[in-house]
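A.B. asks: Would you mind keeping the following structure in view while I ask a few things?
So this is what it looks like as structure tokens:
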């Protein structure tokens, strides 16, 4: 969702006259941010000497620091731009996105964070391979991680390219491709030089910027209504054209039976997908203990929860101060609501408005860069640690060789992302991120939970679950309205969408769990109960954890 929201939103920013007049200000802000984050990365890179430093930041980050970085990794452009637009247009139903994103952290806190930190070293594959046949399981975990990350990366890259190109006034295709390449090069530099330490510090800076930007806008909106929330909601409902229905459920997801099912499907994917997202999972390894991992999730829930509360003011504020018609005139999906609100609060056509717009744009760019760095690190770590070190080299690679492989994997993944991002710069890439969430929930989460909590789980069950969840979610999205059949589809001029839902979670997630169970029950392999007992003690107590 992040890049789709960003790419739609930011197409509106160049149209603003104040953007054109004050472009030097925007360029300066971007330059300052890029220089500052590159400085942080170089500083962190000098302290990155071992594999533990590169993959897990030396496990030296405190619970608060990691909680801030997790928040930076999680609060994407979708959170800042997309949810504000959804609330501005659909009221109560738009806020359901915030609820879904936030509730997802309870799954991560209660089921995944602490056991995962105790059981693994650097990647999800460490946990799965502990009690199963290493090579096939690590290969499957690596493939799943890279597929999820690449799709997520493609969306982010396309959004970042559109954002920078439009704000800088670049309209030629060659110029847009160059911008995508520039973002890709920045991403490669962040990860190859700084590793997890550099990426974590960038994410912390970005989280502070995002919270500060959202808080400033929230206070300005409330000030417009004398800090009377009732007045704000009443004005938004009145101006929406829907009256009281604007503040009640059903405006977007209660029209047809298919839309109701689509909401359930999306909700399941959001809530369960987060606990299986590779770039979120690797954050649990950056703290010294499992207790710190649990505390960092508590901090993340607090920071993210506060942010999502502020999206109420941003969304309803946009509805009340700007109005749905004007919002839709700039972008039918409402993705320009937050930048429009920022410019309105600063004064349309004034220097203040241009400054607000420039700051919010810089924050959106920071958001994309931080998420891109985290995703690249997750996929390159999985390739180097799971596939190269443990499958290709059969556990005989040295730390230096493994880190070299991770850096080359970063370059390769960056090049692929630049190529795909350049091709997808004009496409609706919402389906790509929906796919990332669906794959994470369908393939990664079932195998993690079964490995940690079911002693009869086998290698065959893990392979069926990962590959089955991966292929079913890809297949269903391919034949959904996200890809074809609608004006907002990736290919609007053709129609091969026989699957009616835009998110496959309702089908592919239960299928992933079912295949994991069936593969284990039908397997002739006898589960190693001794290894499971070891893993159980290790995951619950931290005995022998790295």
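Numbering (our numbering), first residue to last: 27 to 572. Here a beta-carbon is modelled for each residue, glycine too, at the ideal position from N, C-alpha and C. Computed from a predicted structure; not experimentally measured.
In this structure, how does DSSP classify residue 87 when only helix, strand and coil are distinguished?
C.D. replies: In this structure, residue 87 counts as coil in the three-state DSSP scheme.
A.B. asks: In this structure, does DSSP put residue 266 in helix, strand or coil?
C.D. replies: helix
A.B. asks: State buried or exposed for residue 403, treating a residue as buried only when at least 16 other CB atoms are found within 10 Å of its CB.
C.D. replies: buried
A.B. asks: At the level of alpha carbons, what is the spacing between residue 121 and residue 51?
C.D. replies: 33 Å
A.B. asks: So who's on the other strand from residue 510, going by DSSP bridges?
C.D. replies: BP columns for residue 510 point to 517.
A.B. asks: Return the first residue and the last residue of the alpha helix (DSSP H) that residue 289 is part of.
C.D. replies: 283 to 299
A.B. asks: Can you give me the start and stop residues for the alpha helix (DSSP H) that residue 376 sits inside?
C.D. replies: Careful: residue 376 lies outside any alpha helix (DSSP H) and carries neither H nor E.
A.B. asks: Once you ignore the five residues that flank residue 319 on each side, which residues in its own chain have a CB closer than 7 Å to its CB?
C.D. replies: 139, 140, 143, 310, 313
A.B. asks: List the endpoints of the continuous alpha helix (DSSP H) containing residue 437.
C.D. replies: Taken as a continuous stretch (DSSP letters only), the alpha helix (DSSP H) holding residue 437 covers 425 to 449.
A.B. asks: Measure how close the beta-carbons of residue 529 and residue 295 come, nearest whole angstrom, since I'm counting them as under 8 Å.
C.D. replies: With a contact defined as Cβ atoms closer than 8 Å, residue 529 and residue 295 qualify at about 5 Å.
A.B. asks: Compare the beta carbon distance of residue 477 and residue 535 with 8 Å and say whether it is the shorter of the two.
C.D. replies: no
A.B. asks: Taking 8 Å as the CB-CB cut-off, is residue 126 touching chain D?
C.D. replies: Here chain D cannot be found, since the structure has a single protein chain.
A.B. asks: Whose CA, out of 358, 162, 287, 272, lies closest to the CA of residue 108?
C.D. replies: Of the candidates 358, 162, 287, 272, 358 places its Cα closest to the Cα of residue 108.
A.B. asks: Measure the beta-carbon distance from residue 547 to residue 214 and round it to whole angstroms, keeping in mind my assumption that it falls under 8 Å.
C.D. replies: That belief does not hold up - the Cβ atoms of residue 547 and residue 214 are roughly 44 Å apart, past 8 Å.
A.B. asks: Helix, strand or coil for residue 160, going by three-state DSSP, please let me know.
C.D. replies: helix
A.B. asks: Check this for me: beta carbons of residue 218 and residue 399, under 8 Å apart or not?
C.D. replies: no
A.B. asks: Would you give the residue range spanned by the alpha helix (DSSP H) that residue 534 belongs to?
C.D. replies: 531 to 547
A.B. asks: So, with DSSP's three-state summary, where would you put residue 559?
C.D. replies: helix
A.B. asks: Which class does residue 484 belong to by DSSP, given the choice of helix, strand or coil?
C.D. replies: Note: residue 484 maps to coil in three-state DSSP.
A.B. asks: Let's test the definition: count the other Cβ atoms within 10 Å of the Cβ of residue 252 and tell me whether it reaches 16, buried, or not, exposed.
C.D. replies: With a threshold of 16 other beta carbon atoms within 10 Å, residue 252 falls short and is exposed.
A.B. asks: For residue 348, which of 70, 113, 97 has the nearest alpha-carbon?
C.D. replies: When each option's Cα is compared against that of residue 348, the closest is 113.
A.B. asks: Check the C-beta distance from residue 405 over to residue 172 and give it rounded, since I have them as a contact under 8 Å.
C.D. replies: 5 Å
A.B. asks: Measuring from the CB of residue 408, is there a heavy atom of the ligand COA at a distance below 7 Å?
C.D. replies: As far as ligands go, the structure on display features none, and thus does not contain the ligand COA.
A.B. asks: In angstroms, rounded to a whole number, what distance separates the CA positions of residue 49 and residue 194?
C.D. replies: Distance between the alpha carbons of residue 49 and residue 194: 7 Å.
A.B. asks: In this structure, does DSSP put residue 421 in helix, strand or coil?
C.D. replies: Residue state, collapsed to three classes: coil.
A.B. asks: According to the neighbour-count rule (16 or more other Cβ atoms, all chains shown, within 10 Å of its Cβ), is residue 66 buried or exposed?
C.D. replies: buried
A.B. asks: Using three-state DSSP, classify residue 313 as helix, strand or coil.
C.D. replies: coil
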